[in-house]
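Beneath this line is the structure, given in structure tokens, with notes to follow.
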Amino acid sequence: VQLQAFGGGLVQAGGSLRLSCVASGRINSIKAMGWYRQAPGKQRESVASITNGGSTINADSVKGRFTISRDNAKNTVYLQMNSLKPEDTAVYYCKADSYYGREYWGEGTQVTVSS
């Protein structure tokens, strides 16, 4: 499975961005996908995830502001980020979990929120 993330950039506080993650390869082996982020000097943390059935989990820090969704026809998972805060600044990574216990990571995309 290969993952390619798009959509990062620089935005002012209160603004919005939408990240996209396109999956290719053994798509049928994927059971869930999600977004993680890592800020400078901090550990990578889970932001949101979505299963094949559409169940979602959001981190408390982004609830009410971020929404994860998927378009199965396009093999794409999205992260709509609204009301962005400077503390959301991080490199955002896309991850896929397979039914066979494997994890796949995409290259990160930088999100910078200015105050």
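Here the numbering used here is used: the first residue of the sequence shown is 274, the next is one more, and so on. Beta carbons: idealized from backbone N, C-alpha and C, even for Gly.
Taking residue i as part of the beta strand (DSSP E), name the residues at either end of that continuous run.
i    : result
L290 : L290 to S297
Y377 : E376 to W378
N331 : T329 to N331
R343 : F339 to D344
At the level of alpha carbons, what is the spacing between residue i and residue j?
i    : j    : result
S297 : E380 : 14 Å
D370 : G337 : 25 Å
D280 : V364 : Here the sequence assigns Gly to residue 280, which means Asp is not the residue at that position. Looking at the two C-alpha atoms, the distance is approximately 11 Å.
M354 : S328 : 18 Å
Q383 : K315 : 15 Å
V320 : I300 : 22 Å
V274 : Y309 : 17 Å
Thinking C-beta only, is residue j closer than 8 Å to residue i?
i    : j    : result
G282 : L290 : yes
P359 : S387 : yes
N345 : V295 : no
V284 : L357 : yes
I323 : A312 : no
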